[in-house]
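Just so we're aligned, residue 42 is where the sequence shown starts under my numbering, counting upward by one. By construction, the Cβ of each residue, glycine as well, lies at the ideal position given by its N, Cα and C atoms.
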Amino acid sequence: MAAPKGPTSRRVHLGKVLQRMREGHGMRREDVASSLGFSSEKLWRVERGRTSLPNPTDLKNLLGHYRVDDPEVVDSLLVIHRESLQEGWWVPYSVHLPKGMREYVGMETDAESVSAWQPSLVFGLLQTDRYARELLLSAKAVDETTTEFIDANVEMRMARKNLLTKEEPRELWVIMGEDAVRSTIGNREVMAEQYEEIKRLASLDSVTIQILPSASTGYRASQNFALLDMGEPLGKIVQADQPGGQASITDKKSDVGKYSRRFEALRAAALAPNETPMFIDEVHRDLKRKLAS
């Protein structure tokens with residue numbers, strides 16, 4: 042049984058296996074939970090990968106209820122369970138993360154590739170420290186956040202960028218709307234640094250960046266989203282931002298298919314990847330002219 046890489050993926054994988062076992066026996070979640078002294082809500086959260094069973098005995102009892110007695114299967118699931126309890130590097134930042142982002146960061150860390158659309162802001166994994174900080178500072182009074190919140194989120198965002206430059210980098214394909222690079226965050230110096238960072242990252246073999254011009258008549262999605270390919274056995278999941286800064290994550294095939302089609306349409310409408318550096322330079326020149334006038 043192939044096991045996913047990180048604690049979040051292991052937890053999700055184990056939940057899927059347990060759900061398939063229950064459904065394979067035609068058992069209702071409520072009945073299983075009642076038989077084992079769980080709440081139905083707790084078992085739902087385990088099956089959805091939101092939480093882990095607290096100890097190996099709970100898992101053994103659940104497997105026994107599903108009449109799973111193959112030692113090899115039991116042992117492999119116990120290993121996955123034990124590793125799912127490990128803490129991810131992002132846990133110290135969890136208190137500062139919006140709802141849904143804790144799970145997303147864990148899945149992003151374990152993903153084989155990320156494909157994303159961001160219409161109005163520079164995509165998170167491409168942001169510089171100063172851009173990210175100015176962006177959060179601009180919303181501080183509105184969202185009533187603290188300096189500690191801003192510091193923690195900037196630090197975590199920069200740590201997430203390590204996915205792009207580590208020894209085995211993450212495959213990243215980002216499409217951004219023209220507004221994402223034309224909107225001035227902070228000041229000219231912040232944006233100049235950000236433009237150079239986009240070009241630097243675009244030069245990496247594992248990173249592809251496209252820009253969708255405002256004048257394009259092709260398809261355009263209003264909602265930003267990211268598709269994460271988790272590899273086998275989890276497959277693809279999709280994350281989409283919701284009102285209030287929350288993030289929804291799903292592996293529902295119909296949703297993954299819908300957002301995959303959206304990404305392909307955006308990719309077809311955007312400028313070719315090799316045009317990105319020239320477009321960024323043009324935007325930078327326009328900004329300097331505007332501020333000089």
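Residues of its chain near residue 106, where Cβ-Cβ distance is below 7 Å and the 5 sequence neighbours each way are ignored: The answer, listed in chain order, is 73, 76 and 77.
CA-to-CA distance, residue 238 to residue 313, given in whole angstroms: Rounded to whole angstroms, residue 313 to residue 238 spans 19 Å at the Cα level.
Cβ-based neighbour list, residue 108, same chain, cut-off 6 Å, excluding 5 preceding and 5 following: Counting only residues of its own chain and dropping the five nearest sequence neighbours on each side, residue 108 has no CB closer than 6 Å to any other CB.
N- and C-terminal bounds of the beta strand (DSSP E) containing residue 98: Unbroken run through residue 98 is the alpha helix (DSSP H), 97–106; no beta strand (DSSP E).
Burial state of residue 112, where buried means 16 or more other Cβ atoms lie within 10 Å: With fewer than 16 other Cβ atoms within 10 Å, it is exposed.
Cβ-based burial, residue 151 [other Cβ within 10 Å; buried from 16]: With 16 or more other Cβ atoms within 10 Å, it is buried.
Cα-Cα separation between residue 178 and residue 191, rounded to whole angstroms: Residue 178 and residue 191 have their C-alpha atoms roughly 7 Å apart.
Host beta strand (DSSP E) of residue 157 (start-end): Per DSSP, residue 157 belongs to the beta strand (DSSP E) from 154–159.
Option in 146, 67 and 232 with minimal Cα separation from residue 278: Checking every option, the nearest Cα to that of residue 278 belongs to 146.
Residue 57: first and last residue of the uninterrupted alpha helix (DSSP H) it sits in: Per DSSP, the unbroken alpha helix (DSSP H) holding residue 57 starts and ends at 48–65.
Separation of residue 182 from residue 131, as counted between CA atoms: Each residue's alpha carbon lies about 26 Å from the other.
Within 8 Å, strictly: CB atoms of residue 300 and residue 268: It is a contact, given that the beta carbons lie within the stated cut-off.
Cα-Cα separation between residue 252 and residue 292, rounded to whole angstroms: Rounded to the nearest angstrom, the two C-alpha atoms are 27 Å apart.
Assigned secondary structure, residue 217 (DSSP; H/G/I helix, E/B strand, else coil): Of the three classes helix, strand and coil, the one that applies to residue 217 here is strand, per DSSP.
Assigned exposure category for residue 221 - 16 Cβ within 10 Å defines buried: Residue environment for residue 221: buried (at least 16 other C-beta atoms within 10 angstroms of its C-beta).
Cα-Cα separation, residue 228 to residue 97: Take the alpha-carbon of residue 228 and the one of residue 97: they are about 54 Å apart.
Proximity below 8 Å, CB of residue 219 to CB of residue 254: Yes.
Other residues of its chain near residue 18: CB distance less than 6 Å, five sequence neighbours each side excluded: Any property of residue 18 remains undetermined from this structure, which presents the chain solely from 42 to 334.
For residue 282, the three-state DSSP class (helix, strand or coil): If DSSP states are grouped into helix, strand and coil, residue 282 belongs with the strands.
Reference residue 215; option with closest CA among 53, 100 and 163: Selected option, being the one with the closest Cα: 163.
Assumed close pair residue 51, residue 135 - CB separation to whole angstroms, cut-off 8 Å: So it is not a contact: roughly 17 Å between Cβ atoms.
7 Å CB neighbourhood of residue 59 in its chain, flanking five on each side removed: Within the same chain, 87, 88 and 103 come within 7 Å of residue 59 by CB-CB distance, once the 5 residues on both sides are set aside.
Per-residue burial, residue 233 [other beta carbons within 10 Å of its own, 16 or more giving buried]: Result: exposed.
Best match in 290, 321, 153 and 197 for proximity to residue 165 [C-alpha to C-alpha]: Per the Cα distances, 197.
Beta-carbon proximity list for residue 193, same chain, < 7 Å, skipping 5 on both sides: Cβ neighbours of residue 193 beyond the five flanking positions: 134 and 137.
Between the CA atoms of residue 101 and residue 158 - distance to the nearest angstrom: In this structure, the alpha-carbon of residue 158 lies about 42 Å from that of residue 101.
Chain B within 8 Å of residue 232, Cβ atoms only: This model lacks chain B altogether, as it is built from one protein chain only.
Inter-residue spacing [alpha-carbon to alpha-carbon] between residue 39 and residue 144: With the chain covering 42 to 334 only, the question about residue 39 has no answer from this structure.
Residues near residue 48 in its chain [Cβ-Cβ closer than 8 Å; skip 5 each side]: Hits under 8 Å: 124, 125, 126, 127, 128, 129 and 147.
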